[in-house]
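Protein chains in written order, with my numbering: chain A, 1 to 218; chain B, 1001 to 1218.
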DNA sequence: TTATAAAATTAGGTTTGCCTAATTTTATAA
DNA sequence: TTATAAAATTAGGCAAACCTAATTTTATAA
């Protein structure tokens, strides 16, 4: 059984491994993701290596072993299921659920995820558009194309968000963007790749390139 | 904000303070309740005293301060609400819910207990018959009379259980005793205070005095 | 190639929450 | 009252998971 902290590391490593850019997962990348000091990450890399949950190679960085991957996916599964619960049953807002789920995901009990999944009606995606892993670890592919990859003139459906911070979600709320919202790219500014978009055929709005990179489309 | 461990101490002290026997809450009683070493309890008594959550007097033992009481009740509230959730929504068995709720009770987020309470339809009692504290900290009185206090020939309704261990609950399950079950005391054995009872007018069964002390009646 | 910057690691330290063993205090019974 | 048992406390230690500061390794750019 893994500790709370080990689980957070596994989850962070898993998240980084799912990134489309496929960069090497370095000590500093993990430190950054968790808001910890790189020296602490070195400690934990040693620990998780001893537990055979990850493999570490100075050149290639960190990689989850099959068991590490399995453990990580179970945490992600619980996280996403709890998010559905919090939004649908307890009626929390989009921007509130992530932090609560960060705590709930660590609750360990035989069957808990399975029963929760059943109670929620076997949802496929969480409220941020991320696929929910099944009990056997299988999950639908994550959306990977971002609005920043879209073409000028193209119209896209918001399928998921990459950033789940409450700052970003509050901003989306302000712009009235949700999963399923249709966004048309009117223009891209050459200077800084800002996007001029129309939300659900509304009037033109300008958003940054960083914004565009965090909206995933289908 | 209190740590996981501090919360467990507060809860244990609260539970001991609710005991009908009104014994002094000693270092060793707390150690026993938590399965910790008395030396560890001494450490924590110091810490909680510094935080002004308890008062400690060698002679009188430990007592919760108003703030400590408030904090403890909020944990108990969450524990009992989650137990209702686990039983009613996730369909866990009576004897399984306590352990899961021990973890869930520590989840902290603004409003969480209130939303859960609303979602569950404002239950008054948890599945073990213990009253669920309201948001303001008020709660119905716990049942305190036990079957062991009953009279021979008397018939009583099971209102709550004192012991919530899975061993006890599994035993109750085997005897088909639930909240609401009617129990008649047929005879009390003078030697060791064992009870001969009839469950829902079924055939006579013998139970120990310890058993009788853990069934609360109304 | 070499200077510099960035990343990784080591060394040593802190806090939390436990522990054991030894000692002191308090209660109980002969 | 005094011996003994029980309870409480102190002293010292340990593991987990962090940290800072210093150092070493690796990458990057002039």
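C-beta: ideal position from N, C-alpha, C; glycine also.
CB contact below 7 Å: residue i versus chain A
i, result
"residue 1141/B", "no"
"residue 1083/B", "no"
"residue 1090/B", "yes"
"residue 1100/B", "yes"
"residue 1115/B", "yes"
"residue 1109/B", "yes"
"residue 1119/B", "yes"
Residues bridged to residue i (per DSSP)
i, result
"residue 184/A", "155/A and 198/A"
"residue 130/A", "Its beta-bridge partners do not exist; DSSP assigns none."
"residue 1161/B", "1215/B"
"residue 1146/B", "1216/B"
"residue 125/A", "131/A"
"residue 1025/B", "1061/B"
Euclidean distance between Cα positions of residue i and residue j
i, j, result
"residue 216/A", "residue 1163/B", "51 Å"
"residue 1046/B", "residue 1013/B", "14 Å"
"residue 1218/B", "residue 1050/B", "40 Å"
"residue 958/B", "residue 90/A", "Because chain B spans 1001 through 1218 in this model, residue 958/B falls outside it and cannot be assessed."
"residue 1130/B", "residue 1207/B", "23 Å"
"residue 1123/B", "residue 1081/B", "8 Å"
"residue 1191/B", "residue 1138/B", "42 Å"
"residue 1200/B", "residue 104/A", "40 Å"
"residue 167/A", "residue 96/A", "10 Å"
"residue 1213/B", "residue 1193/B", "11 Å"
"residue 94/A", "residue 143/A", "19 Å"
"residue 1036/B", "residue 1068/B", "20 Å"
"residue 39/A", "residue 30/A", "11 Å"
"residue 1108/B", "residue 85/A", "16 Å"
"residue 5/A", "residue 1185/B", "52 Å"
"residue 268/A", "residue 17/A", "What the structure shows of chain A is the stretch from 1 to 218, and residue 268/A is not part of that stretch, so it cannot be assessed."
"residue 24/A", "residue 54/A", "14 Å"
"residue 156/A", "residue 127/A", "18 Å"
"residue 171/A", "residue 182/A", "16 Å"
"residue 3/A", "residue 1133/B", "31 Å"
"residue 196/A", "residue 189/A", "8 Å"
"residue 34/A", "residue 1043/B", "31 Å"
"residue 73/A", "residue 1064/B", "42 Å"
"residue 1173/B", "residue 1179/B", "11 Å"
"residue 1052/B", "residue 1119/B", "34 Å"
"residue 1198/B", "residue 1008/B", "38 Å"
"residue 1176/B", "residue 1125/B", "20 Å"
"residue 145/A", "residue 1015/B", "54 Å"
"residue 1/A", "residue 1020/B", "39 Å"
Endpoints, the beta strand (DSSP E) within which residue i is located
i, result
"residue 1204/B", "1204-1207"
"residue 1061/B", "1061-1064"
Bounding residues of the alpha helix (DSSP H) (the contiguous stretch that carries residue i)
i, result
"residue 13/A", "4-18"
"residue 1056/B", "Not the alpha helix (DSSP H): residue 1056/B falls in the beta strand (DSSP E), residues 1054-1057."
"residue 103/A", "97-104"
"residue 174/A", "166-174"
"residue 43/A", "38-50"
"residue 120/A", "From DSSP, residue 120/A is part of no alpha helix (DSSP H); its letter is neither H nor E."
Neighbour flag for residue i against chain B, beta carbons, 7 Å
i, result
"residue 186/A", "no"
"residue 9/A", "no"
"residue 105/A", "no"
Exposure label - residue i; buried when at least 16 CB within 10 Å
i, result
"residue 1161/B", "buried"
"residue 152/A", "exposed"
"residue 1135/B", "exposed"
"residue 1066/B", "exposed"
"residue 1110/B", "exposed"
"residue 1057/B", "exposed"
"residue 1101/B", "buried"
"residue 1140/B", "exposed"
"residue 203/A", "exposed"
"residue 1061/B", "buried"
"residue 71/A", "buried"
"residue 165/A", "exposed"
"residue 28/A", "exposed"
"residue 22/A", "exposed"
"residue 187/A", "exposed"
"residue 78/A", "buried"
"residue 1210/B", "exposed"
Closer than 6 Å: residue i CB and nearest the ligand ATP heavy atom
i, result
"residue 1183/B", "The model depicted lacks the ligand ATP and carries no ligand whatsoever."
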